[in-house]
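Peer 1: Quick one: the structure is below, questions incoming.
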Amino acid sequence: MVYSLILFKKSILAEKIDFLNQKNRVLKKSIFCKKLPSLLTQAIKLYEEKIGAYQQEEHCLRETGEHIIELVEQLPRSIREYKHALRRELDKVNKRLYREEENRLMREKIIDEKKDTVNMLSSRVEDMFCQLQMCERERDTLC
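Mind the numbering: the sequence shown is residues -11 to 131 in the working numbering, read in order.
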């Protein structure tokens, strides 16, 4: 929108310059008008400066547009790369969580086995204690 407006203003100024140049040529031929051609020349210079400014603005807009187009063209590739990087990170995290879960389950299994061993040994100790008490009673009765 802005770019087309600049081109439109530029074309209007070019038409004004052509018109003023024609008037300037006609007035230079006239003997009676001596100051008017210099005023027209100044107006032409002013319009040419405006056209130069519009051309510079047009150039800047073109460069900006080209840069934006490059960025937009690079965007899908950047998104794909970012998506792949996220997937790799997610895979790493999932593997780590899986290993941690395996380790936790292994520790729980070992703890359960140790509890069973302790219970079994405790039961044996109780049995031995009972046998010891029976042996002591027998000894006391024999003595």
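Every residue gets a Cβ at the ideal spot worked out from N, C-alpha and C, and that includes glycine.
1) Throw me the rounded Cβ distance for the Ile39 and Leu1 pair, which I believe falls under 8 Å.
2) If we count Cβ pairs, one from each stretch, closer than 8 Å, do we get three or more for the stretch 3 to 11 versus the stretch 29 to 36?
3) Are the CB atoms of Glu46 and Lys(-2) nearer to each other than 9 Å?
4) Look at the alpha carbon of Thr52 and the alpha carbon of Leu8, and state the distance between them as a whole number of angstroms.
5) Rounded to whole angstroms, what is the Cα-Cα separation between Leu85 and Ile99?
6) Which word fits Tyr42, buried or exposed, when buried means at least 16 other C-beta atoms lie within 10 angstroms of its C-beta?
Peer 2: The answer reads as follows:
1) With 8 Å as the limit, Ile39 and Leu1 qualify as a contact, their Cβ atoms being about 5 Å apart.
2) Enough Cβ pairs lie closer than 8 Å, so yes.
3) Taking a C-beta distance under 9 Å as the contact criterion, Glu46 and Lys(-2) qualify as a contact pair.
4) Between Thr52 and Leu8, the C-alpha separation is close to 34 Å.
5) The C-alpha of Ile99 is placed about 21 Å away from the C-alpha of Leu85.
6) Result: buried.
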